[in-house]
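Written out below as structure tokens is the structure these notes cover.
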Amino acid sequence: MTSERYEPDDDRAGPDDDRAGPDDDRAGPAGPAEADGRSTEGSAGVRVRRGVPDGAEARVAELYWAAFGRKLGAALGPSATGRRFIATHLHPDRAVVALVGDTVVGVAGYRLGARGLTGGGVADVLRTYGLFRGVPRLALLAVLERTPKPDELVMDGIAVDADLRGRGIGGLLLDAMVRVAADHHCRRIRLDVIDVNPRARALYARHGFVPVHTERTPWLRGPMGFGAVTTMSRPVAPPATGQR
């Protein structure tokens with residue numbers, strides 16, 4: 002399962018740009034994101050690292066649910082069950098996280114090949130929700146599934162702690178995601194943004210993403226609250242020689 006279509010609600014706990022506006026990048030660059038398990042220090046005491054730290058799965062699930070719970074609720078609710086499902090089936094190596102001290106304050110998930118940050122297959126959904134409640138949930142999740150091309154990284158939405166928005170954390174995570182894509186020899190990053198979150202779209206545009214296609218989804222406005230999805234993409238330059 003992947004959640005790349007679940008962009009955050011504009012008036013809830015969405016990406017950093019929901020309240021930051023044009024000053025989203027004021028925290029400055031974080032510097033090169035290190036290999037999995039290591040981190041670099043950014044501005045304002047924010048560290049950016051690849052991979053979900055051991056023991057932080059529940060925290061990441063909490064941030065994801067705060068950002069995307071309105072849409073995820075139709076497929077994975079109620080809230081406590083959904084957070085537990087996400088935490089249990091995370092793929093920790095498919096994320097870039099921001100930390101203040103030892104606390105995860107932001108996360109950006111991505112999908113390469115067959116795996117994204119949010120996991121869990123058919124059997125997991127049916128085991129958690131039962132047959133009769135699980136089947137319609139699987140149908141909703143199938144609508145949202147996206148598979149990257151061989152030279153492409155598909156990005157999930159960004160979730161940032163509500164108390165720390167406006168400090169450029171969303172921009173730091175996006176910059177780190179570009180380096181992840183380059184290190185995996187991807188030629189582009191693709192993401193989806195929903196019609197009710199123009200500020201998320203503005204953040205992505207400031208970081209080089211351009212719209213390539215809009216799909217109308219009026220049947221999802223009732224259960225998930227949005228009626229159109231725009232695919233955005235940005236090219237990725239290869240990493241500089243000797244850098245990672």
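Take 2 as the starting number for the sequence shown in the numbering used here and just add one per residue. C-beta atoms are modelled at their ideal positions from N, C-alpha and C, and glycine is treated no differently.
Using C-beta distances below 6 Å, list every residue in its chain close to residue i, excluding the 5 sequence neighbours before and after it, in chain order.
| i | result |
| --- | --- |
| Leu77 | Gly83 and Phe86 |
| Gly107 | Ala99, Val161, Ile170 and Leu174 |
| Ala62 | Arg84, Ile87 and Ala88 |
| Ala97 | One point to set straight first is that residue 97 is Val, not Ala, in the sequence displayed. Cβ neighbours of Val97 beyond the five flanking positions: Arg51, Ala109, Leu174, Ala177 and Met178. |
| Leu132 | none |
| Ala14 | Residue placement at Ala14 is poorly supported in this model, since its pLDDT is 33, which falls under 50; the coordinates still yield a value, given next. Result list for Ala14: Ala67, Ala68 and Ala163, in chain order. |
| Pro236 | Arg189 |
| Asp24 | Caution is warranted here: a pLDDT of 32 is assigned to Asp24, below 50, making its placement in the model unreliable, and no coordinate value can be reported. |
| Gly135 | Val126 and Leu127 |
| Asp26 | Caution applies to Asp26, whose pLDDT of 35 falls short of 50 and renders its modelled position unreliable; the model cannot decide the point. |
Output needed for residue i: all residues of its chain with C-beta closer than 8 Å, excluding positions within five of it in sequence on either side, in chain order.
| i | result |
| --- | --- |
| Ala238 | Ala183 |
| Val123 | Leu139 |
| Leu154 | Tyr111, Arg112, Leu113, Met178, Val181, Ala182, His185, Cys187, Arg189, Ile190, Arg191 and Val237 |
| Met233 | Arg191, Leu192, Asp193, Val194, Arg202, Tyr205, Ala206, Phe210, Val211, Pro212 and Val213 |
Strictly by DSSP, which residues pair up with residue i?
| i | result |
| --- | --- |
| Asp193 | Thr232 |
| Arg71 | According to DSSP, which records beta bridges pairwise, Arg71 is partnered with nothing at all. |
| Thr82 | Partner(s): none; Thr82 has no beta bridge. |
| Leu91 | Thr119 |
In terms of residues, what are the limits of the alpha helix (DSSP H) holding residue i?
| i | result |
| --- | --- |
| Gly107 | Segment Thr104 to Arg112 is the beta strand (DSSP E) holding Gly107; no alpha helix (DSSP H) there. |
| Arg200 | Pro199 to Arg207 |
| Pro149 | No alpha helix (DSSP H) contains Pro149, which DSSP labels as neither H nor E. |
| Val179 | Ile170 to Asp184 |
| Pro224 | Arg222 to Met225 |
Using the rule of at least 16 other Cβ atoms within 10 Å of the residue's Cβ for burial, across every protein chain shown, is residue i buried or exposed?
| i | result |
| --- | --- |
| Ala81 | exposed |
| Val126 | buried |
| Glu58 | buried |
| Thr119 | buried |
| Arg128 | exposed |
| Asp55 | exposed |
| Gly117 | buried |
| Lys72 | buried |
| Val105 | buried |
| Arg217 | exposed |
| Pro219 | exposed |
Following the continuous beta strand (DSSP E) through residue i, name the residue where it begins and the one where it ends.
| i | result |
| --- | --- |
| Thr215 | Val211 to Arg217 |
| Leu100 | Ala96 to Val101 |
| Ala160 | Glu153 to Val161 |
With a threshold of 7 Å on Cβ separation, who are the neighbours of residue i within its own chain once the five nearest residues in sequence on each side are excluded?
| i | result |
| --- | --- |
| Ala75 | Leu141, Pro224 and Met225 |
(Q) When you compare the stretch 164-176 with the stretch 192-212, are there three or more beta-carbon pairs, one atom per stretch, that lie closer than 8 Å? (A) Yes, the stretch 164-176 touches the stretch 192-212.
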